[in-house]
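Down below is the structure, laid out as structure tokens.
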Amino acid sequence: MHLRVNEFNLQHTLESGQFFRYYLKDGFYYVISGNNFFKIRQQGKNLEFLGTKRKFVQQFLGLNHDFETVKKQFSKDKYLNTAMKQYSGLRIMKQNQWETLISFICSSASNIPKITKNVNLLAENFGKKINFENETAFAMPMIGEMNDLAKIKNCKVGFRAKYLFEANRIPTDFFDIIKNLNYTDAVSQLTTLNGVGEKIADCVLLFGCNRLEAFPVDVWIKRVVQELYFDNKETNNKEIKKFGQEKFGKNAGYANQYLYHWRRNQ
DNA sequence: CGTCAGGTAGCCA
DNA sequence: TGGCTACCTGAC
751 MHLRVNEFNL QHTLESGQFF RYYLKDGFYY VISGNNFFKI RQQGKNLEFL
801 GTKRKFVQQF LGLNHDFETV KKQFSKDKYL NTAMKQYSGL RIMKQNQWET
851 LISFICSSAS NIPKITKNVN LLAENFGKKI NFENETAFAM PMIGEMNDLA
901 KIKNCKVGFR AKYLFEANRI PTDFFDIIKN LNYTDAVSQL TTLNGVGEKI
951 ADCVLLFGCN RLEAFPVDVW IKRVVQELYF DNKETNNKEI KKFGQEKFGK
1001 NAGYANQYLY HWRRNQ
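The opening position of the first sequence corresponds to residue 751 in our numbering, with each subsequent residue numbered one higher.
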């Protein structure tokens, strides 16, 4: 199956650290999300995929976002304008919410290779086996399926094990409730979970819930925002976030991603 | 060996 | 509120 795309780059999107469950083989990305196990590649404006539905791909990869508006809005800012050119086509994904929560609970004081290892181990230990072509993968466990603390610890998640174990007890409609809350209340709701602070809550809202106004502040965002917009003045995370959301508004999350990658790869 | 990494909770002023 | 520090694990 095919999709025509504009202002989209599959590699920049999948490899941006929003999402951890993909691998490259024979020129295709093999992707696991929910019960979907599919392959996909991009050739110019053509997106070719097999194993899932067109509608899923469109939503999952943020292809339904109004990117022209984002581009127009950000081109007025000289830093964002540069960052956006360098990482052109990077979209905010709309992943499975619960899987996003698990992934970003694993992310605290960690790094991408380790987070990837952790989520893959969780899937192998608790998830359902899925086959596609001659490939085998494991889906992430669903809510309630990680009911074994010792086994979670075997997934090398360290001090995050108890957080995952507790998160596993959220009601199955947890994210339906989140969906109907305004941004501030959604953050509050997420941060009631142990191991989920402001930053992880923002990542879940941004990458899993399509809340593009979220502005996760990690060490890199703090660094880049201070350097570019605060004349290198030491500024706390709360102020950084307030600045990001007021300056970039409903697309703050997009600004966040571009600035993040720009600074990290400097 | 020590330090540090996509943070957060707990404790104390 | 603001400023510590410990926390699993793995990579320098």
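Just so you know, even glycine gets a beta-carbon here, dropped at the ideal spot from N, CA and C. Bear in mind the structure is a predicted one, so any value in this text is a computation, not a measurement.
Extent of the continuous alpha helix (DSSP H) to which residue i belongs
i                 : result
asparagine 868    : 862 to 876
glutamate 989     : 987 to 998
glutamate 849     : 847 to 855
serine 938        : 933 to 941
phenylalanine 787 : From DSSP, phenylalanine 787 is part of no alpha helix (DSSP H) but of the beta strand (DSSP E) over 786 to 793.
phenylalanine 925 : 924 to 929
glutamate 916     : 911 to 917
valine 975        : 969 to 979
leucine 760       : 760 to 764
lysine 903        : 899 to 903
Residue i - DSSP class collapsed to helix/strand/coil
i                 : result
histidine 752     : strand
asparagine 1006   : helix
asparagine 1024   : There is simply no residue 1024 to check, as the chain begins at 751 and stops at 1016 in what is shown.
lysine 808        : Checking the sequence, you will find glutamine at residue 808 rather than lysine. Three-state DSSP puts glutamine 808 in a helix.
phenylalanine 957 : helix
lysine 828        : helix
phenylalanine 965 : coil
alanine 951       : helix
phenylalanine 817 : helix
Nearest-angstrom Cα separation, counted from residue j out to residue i
i              : j                 : result
threonine 850  : phenylalanine 876 : 16 Å
glutamate 984  : glutamine 976     : 7 Å
threonine 942  : lysine 835        : 38 Å
leucine 940    : cysteine 953      : 11 Å
asparagine 986 : valine 969        : 11 Å
leucine 800    : leucine 753       : 11 Å
glutamine 761  : isoleucine 852    : 23 Å
proline 891    : glycine 784       : 9 Å
alanine 951    : alanine 889       : 23 Å
valine 974     : lysine 949        : 16 Å
threonine 763  : arginine 1014     : 16 Å
Residue i, enclosing beta strand (DSSP E) - first and last residue
i              : result
glutamate 798  : 796 to 800
tyrosine 837   : Run containing tyrosine 837: none; DSSP gives neither H nor E here.
isoleucine 782 : 778 to 783
leucine 774    : 772 to 775
Sequence-distant residues of the same chain with beta carbon closer than 6 Å to residue i, five excluded per side
i                 : result
phenylalanine 915 : Leu899, Ile902
phenylalanine 770 : Ser853, Ile865, Thr866, Val869
Neighbourhood of residue i by C-beta, 7 Å cutoff - its chain only, sequence neighbours within 5 removed
i             : result
glutamine 823 : Asn1001
heavy atom of the ligand MG below 8 Å from residue i C-beta
i              : result
asparagine 987 : Annotation note on the ligand MG: not contained in the displayed structure, which lists no ligands.
Same chain only: Cβ atoms within 8 Å of residue i, ignoring 5 sequence neighbours per side
i               : result
tryptophan 1012 : Tyr829, Thr832, Ala833, Gln836, Tyr837, Val974
Looking at C-beta atoms only, is the number of pairs between the stretch 955 to 970 and the stretch 986 to 993 that lie closer than 8 Å three or more? Result yes; three or more Cβ-Cβ pairs closer than 8 Å.
Evaluate contact between the stretch 862 to 874 and the stretch 789 to 807, counting only Cβ atoms and requiring at least three cross-stretch pairs below 8 Å. Cβ pair count under 8 Å is below three, so no.
Are the stretch 807 to 818 and the stretch 912 to 929 in contact at 8 Å, needing three or more beta carbon pairs? The stretch 807 to 818, when compared against the stretch 912 to 929, does not touch it at the 8 Å Cβ threshold.
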